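Notes follow once the structure below has been shown.
Numbering (full-length UniProt numbering), first residue to last: 1 to 289.
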């Protein structure tokens, strides 16, 4: 197995901006293994990211990448998949990027059900901007911008996704390499929106949720039926220890399957000849409004 196949073509051409010991390195290794085991080539994969330490992933892995605005990776990923359904598309970012700035897009992506994977690097802190609280920061944690301690209830993104009937919801801890590989493989193979929340430590700005903490405060779901929504929601509401695994699966039509442009013609949009006269007429009509 040649995992190096997905490493940057010029590894020494740029500095890696992650701190030594950062969990993002582990997630990067997990992704490279996933792509290899799924027999994907770099040309077949697109990683869309926003802003943040996690969002730097396209810089450090040899696949197609698109670095967009803060919190805007999901709509771009939806558009890429709609234009070329043959691509494996991953929207990737941190808990701030995805649940704060990008939270609105996540909600509506669940409604649309595009066939993409949303990968959230959840270290429960804003790492790029020096450690202020994120939507998932634990109650009472003191940060540079919350010196009195966080008093806002942390977002339970797993319960939220299940309540909104997302088609695939899972959580893992990057310290469990093999298990994380299997979960993300299943997420990519799932037909529809797959949300995977990945616990990982921020070694510089979160001294509470460490590697040891995650191992001590999590457990793996066993004898769990992911097709039982009520049971999935019950498990999602559990805290300390936090369940890991695939919580919920609901197979349903994808966004691409319901787009009118694909009803009669399955040719990917990017391969079709643009109809400039139609585009011009549309723009002219808008200008007259």
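Every residue gets a Cβ at the ideal spot worked out from N, C-alpha and C, and that includes glycine. Predicted model only: the values in this text are computed from it and were never measured.
How is the beta strand (DSSP E) around residue i delimited, first residue to last?
i, result
"residue 298", "Nothing about residue 298 can be reported from this structure: the residues present for the chain run from 1 to 289 only."
"residue 64", "64-67"
Quick one: what's residue i bridged to in DSSP?
i, result
"residue 220", "244"
"residue 106", "Answer is none; residue 106 lacks a bridge partner."
"residue 121", "94, 198"
"residue 171", "197, 245"
"residue 88", "45"
"residue 136", "Answer is none; residue 136 lacks a bridge partner."
"residue 143", "146"
Excluding the five sequence neighbours on either side, which residues of its own chain have a C-beta within less than 6 Å of the C-beta of residue i, listed in chain order?
i, result
"residue 71", "50, 97, 101, 102"
"residue 220", "244, 245"
"residue 160", "none"
"residue 279", "none"
"residue 211", "175, 201"
Buried or exposed: which applies to residue i, given that a residue is buried once 16 or more other Cβ atoms fall within 10 Å of its Cβ?
i, result
"residue 241", "exposed"
"residue 239", "exposed"
"residue 276", "exposed"
"residue 150", "buried"
"residue 23", "buried"
"residue 140", "exposed"
"residue 288", "exposed"
So, for residue i: in the same chain, excluding its five sequence neighbours on each side, which residues have a beta-carbon less than 8 Å away from its beta-carbon?
i, result
"residue 162", "169, 229, 232, 233, 236, 247, 248"
"residue 7", "32, 61, 62"
"residue 283", "none"
"residue 215", "173, 175"
"residue 111", "164"
"residue 148", "142"
"residue 3", "Because the pLDDT at residue 3 is just 47, under 50, the model does not fix this residue reliably, and the point stays unresolved."
Under DSSP, the alpha helix (DSSP H) around residue i begins and ends at which residues?
i, result
"residue 34", "23-37"
"residue 184", "177-189"
Cutting at 7 Å between CB atoms, please list the residues of its own chain near residue i, excluding the five before and the five after it.
i, result
"residue 130", "144, 205"
"residue 227", "249"
Let me see if you follow: with CB-CB separation under 9 Å, is residue i close to chain C or not?
i, result
"residue 67", "No chain C is present in this structure, which holds just one protein chain."
Could you say if the stretch 174-194 and the stretch 111-120 meet the contact criterion of at least three C-beta pairs nearer than 8 Å?
-> yes
For the 8 Å Cβ check, are there 3 or more pairs between the stretch 71-91 and the stretch 248-257?
-> yes
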